[in-house]
Amino acid sequence: MPVALLAGSACPTLAHAVAEHLGIALDEAAVARFPDGELHVEVAPSLRGRDLFLLQSTSPPVETHLLELLLLADAARRSGTARLTAVVPYFGYARQDRRVRDGEAVGARVVADMLHGAGIERIVAVDLHSPTLEGVFSDPLEHVSAVPELAEALRDVPNGVIVAPDLGAARLADRYAEVLDLPTAVVHKTRVSGERVRVRRLTGEVAGRTPIIVDDMISTGATVEAALASVRAAGANAGAVVAATHGLLVGDAPARLARLDLARLVMTDTVAVPSAPGLPLHVRSVAPILASAIRRLAAA
Numbered sequence: 002m003p004v005a006l007l008a009g010s011a012c013p014t015l016a017h018a019v020a021e022h023l024g025i026a027l028d029e030a031a032v033a034r035f036p037d038g039e040l041h042v043e044v045a046p047s048l049r050g051r052d053l054f055l056l057q058s059t060s061p062p063v064e065t066h067l068l069e070l071l072l073l074a075d076a077a078r079r080s081g082t083a084r085l086t087a088v089v090p091y092f093g094y095a096r097q098d099r100r101v102r103d104g105e106a107v108g109a110r111v112v113a114d115m116l117h118g119a120g121i122e123r124i125v126a127v128d129l130h131s132p133t134l135e136g137v138f139s140d141p142l143e144h145v146s147a148v149p150e151l152a153e154a155l156r157d158v159p160n161g162v163i164v165a166p167d168l169g170a171a172r173l174a175d176r177y178a179e180v181l182d183l184p185t186a187v188v189h190k191t192r193v194s195g196e197r198v199r200v201r202r203l204t205g206e207v208a209g210r211t212p213i214i215v216d217d218m219i220s221t222g223a224t225v226e227a228a229l230a231s232v233r234a235a236g237a238n239a240g241a242v243v244a245a246t247h248g249l250l251v252g253d254a255p256a257r258l259a260r261l262d263l264a265r266l267v268m269t270d271t272v273a274v275p276s277a278p279g280l281p282l283h284v285r286s287v288a289p290i291l292a293s294a295i296r297r298l299a300a301a
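Mind the numbering: the sequence shown is residues 2 to 301 in our numbering, read in order.
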C-alpha cells in the first residue's frame, strides 16, 4: 500500500523534514477561512487507496489546530484513503487526563474521542505529558520519545545533576539520568496559578553541580524559573541548562527565560520554534524519530 504524508499548518518545517527522511513528496492541503471565521480544508484526490499519515501538532492556538486536524482527517477519509494515522507531535489537552475536582471535564478523553470520530485509526505522539494518557484512547497509540535525542545535546555539561522541576517530571528525570549516568534532584512545587508556582522543598544534592532541568514541555516558563531559583539557593553552579521536548513558550515566556541567564535551552521542533532573541536556543529535530515510526507502522 503506497504511503502518503499530509501536513496541516501547525508545523510545516517539521513535516517537510519528515517527508525528506522518508524520501517521499509531502502532500499539502488547502486550508482557508471563510469571512465568518470558519475553517475550510481540501485534500487532493490522489490520496485514494493510500496509507495516509496526517501530521499536525495541536499547539497554540490549540482549538484552531485541533479543528484543522479533524477536518483534514474527515476530508481524507471521504477521499478514500485506505488507512489513516494521525501524527501529533505535540498533543494538546494532555494535562487534562483526569479530574482533580468535581465539575471538571477530562479534556484529553474528549479530544481522543473526537479524533476517533473523525475516522483516525492510529495515533503517533511524542513524549506525552503522562504515560497513563494512553488509557484515554480507544485507537492504538504509538508513543515515541525525544529523550535520547535531547540527552545527546547534554553530554558535555560538566558535573551535571538532572533536576525534575516538579514531582510529575520525576520519572522523566530518571530516564535522562539513566542515559547520562547522572544523579537526580526533585523540586516539590505547588501551582498557585497558570503563571505562578511556589516551591515547598528540594530533594537531592545539587551543591557544586550544574543543574540540568528537564521537563516534557515549557509553557509560561514559571516552573523552570521557580526550579532554578530553588537549586541556586541550594548551592548549584551557574550555567544551568534546560531541556524540554515541547517548547510552547507562550506569552512572555521567552523574556522570562532570557532573564534566567541559562547556558543552554534545548528543545525539539514538535511545535513551530518561536522567535526567541536573547535565548541560547538549541533545537533538535524529531523528524528522524517520526519517520522511523511511520516506516514501522507502514510495514505492519
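Where is the CB? At the ideal position from N, CA and C, for every residue including glycine.
A quick note: this is a predicted structure, and the numbers were derived from the prediction, not measured.
Item to complete: Compare the Cα-Cα distances from Leu6 to each of Leu73, Tyr91, Asp114 and Ala277 and report the closest residue.
Response: Closest option to Leu6, Cα to Cα, is Leu73.
Discussion item. Using CA atoms only, rank isn't needed, just tell me which of Arg285, Leu183, Leu266 and Val272 is closest to Gly279.
Written reply: When each option's Cα is compared against that of Gly279, the closest is Leu266.
Practice prompt. Answer with buried or exposed for Asn160, where buried requires no fewer than 16 other C-beta atoms within 10 angstroms of its C-beta.
Written response: Around the CB of Asn160, fewer than 16 other CB atoms lie within 10 Å, so the residue is classed as exposed.
Fill in: Nearest neighbour of Arg99, chosen from Val112, Pro90, Tyr91 and Ala87 [CA to CA]
Answer by Cα proximity: Val112.
Worksheet entry | Alpha carbon of Ala235 to alpha carbon of Val207, nearest angstrom | Going from the Cα of Ala235 to the Cα of Val207 covers about 7 Å.
Worksheet item: How would you write the range of the beta strand (DSSP E) that Leu129 sits in, first residue to last?
Response: For Leu129, no beta strand (DSSP E) encloses it, and the DSSP letter there is neither H nor E.
Worksheet entry | Cα-Cα separation, Ala273 to Val19 | Spanning the two alpha carbons is a distance of roughly 14 Å.
Worksheet item: Whole-angstrom Cβ separation of Leu27 and Leu55, contact assumed at under 8 Å?
Response: The pair is not a contact, with the Cβ atoms about 12 Å apart (cut-off 8 Å).
Worksheet entry | Bridge partner(s) assigned by DSSP for Ile219 | Beta-bridge pairing links Ile219 to Gly248.
Worksheet item: From His283 to Ile213, what distance separates their C-alpha atoms?
Response: Straight through space, the alpha carbons of Ile213 and His283 are spaced by roughly 14 Å.
Item to complete: Thinking Gly205 and Ala186 are a contact (beta carbons under 8 Å), I'd like their distance in whole angstroms, please.
Response: Right, their Cβ atoms sit about 3 Å apart.
Worksheet item: Any contact of the region 255-262 with the region 110-125, i.e. 3+ C-beta pairs under 8 Å?
Response: Too few Cβ pairs lie closer than 8 Å, so no.
Practice prompt. Between the Cα of Leu142 and those of Gln97, Val89 and Met115, spot the shortest distance and give me the residue it belongs to.
Written response: Selected option, being the one with the closest Cα: Val89.
Worksheet entry | Per DSSP, the bridge partner or partners of Leu55 | For Leu55, DSSP records a beta bridge to Leu7 and Ala87.
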